[in-house]
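For what it's worth, UniProt numbering labels the leading residue of the sequence shown as 1, then goes sequentially. Glycine is no exception: its CB is placed at the ideal position from the N, C-alpha and C atoms. Since this is a predicted model, take the numbers as computed values, not measurements.
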Amino acid sequence: MINPHRFSIGPADAEIAMLQWGESGRPPALLVHGTGFVADVWDEVARELASTYTVYALDRRGHGASHKPGAYHFLDYADDVCQVVDALDLRDIYGIGHSAGATDLLLAAKMLPECFTRLFVMEPTVMDPGAARATDLSEESLARLQGTLRRRAEFDSADAALARYREAPAFADWTETSLRAYVRHGFTPLDTGRVRLRCTPEIEAAILRPIYEVMEQVYVGDARGNPFASLTKLDCPVRVTTAAKSDPIYKEMARRAISLIPGVTTLVFENAGHCVAQEAPAAVVEAAREFGK
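Below is the structure:
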């Protein structure tokens, strides 16, 4: 069994927590998780890919052991990926990402085009800037953000959290390995013996707001503007995947990505939902290897 090496990059007040599977010196694969999760949820995929690649994964800002700043715009996450690439001096990178983590890779590949050789992105979070709407976030999405703030953040123990999540519909199809990895590394132990989410409800709500704005085509970005027009200028091979059992909004955002990215190819994972890498890791490994040939 290949156990990942844990390390971090960046200054103490802005650390990005990293994992590495496999020997150094092989072609690099960089894996980026979706909102709310941690690098360790890639474990079943990464262990298999490590026979061919040096596999890296990061805890995205606001998640896991990485720093928790106040800024969670899409370009902030892309900048973090670029920081990882620079710190590790990575070249010819195979980027593999899920949901908003897939978006990090798409934007980073435009910022560092000489560093990425191909991207395998599973239901990325994307808007069509040509169809932007000059309205506010809907009441429905605002209510969902309030619901996130009410999410349970503490449990009596990791075992209690695991038992609770095992019964939750969102995790119903996850493998036991992926779910245990999420609970083990997505929570921090407290002095009381209880455990608390590292991506707290407050942080998750701050991360989700721009994502909901993208879903509704109302995202305008920060002072740097809307980054999604840059996707039309990507010049490395990109495969956009969808999952047959995923919610319609994730398929719609993938469709937007497909319409924007030049020369994109597509794939559908049958019998899987949005978190396909945690539900059907063997299928993801097979598809990623095929596209990586």
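Asked	Found
Min CB distance T188 to chain B below 7 angstroms	Of the protein chains in the structure, only one exists, and it is not chain B.
Which of helix, strand or coil DSSP assigns to A277	helix
Strand pairing of W21, partner residues [DSSP]	V55
Alpha-carbon spacing of L75 relative to D235, whole angstroms	19 angstroms
Delimiting residues of the alpha helix (DSSP H) encompassing L208	P201 to M215
Stretch pair the region 77–92 + the region 103–115: three plus CB contacts closer than 8 angstroms	yes
Under the three-state DSSP convention, the category T148 falls into	helix
For M122, the first and last residue of its enclosing beta strand (DSSP E)	F116 to M122
Beta-bridge pairing of S259 - partner residues as DSSP gives them	Answer by DSSP bridge pairing: none, since S259 is not bridged.
T54 burial status per 10 Å Cβ neighbour count (16 or more: buried)	buried
Sequence-distant residues of the same chain with beta carbon closer than 7 angstroms to T177, five excluded per side	D43 and E44
Proximity winner among A100, L137 and L90, relative to F116 (alpha-carbon distances)	L90
Residues sharing a beta bridge with Y72, DSSP	According to DSSP, Y72 bridges with nothing at all.
Beta-carbon contacts of Q278 that lie in its chain and below 6 angstroms, excluding the five residues immediately before and after	V41, W174 and S178
R6: first and last residue of the uninterrupted beta strand (DSSP E) it sits in	H5 to I9
For L119 and A102, the rounded distance between their alpha carbons	9 angstroms
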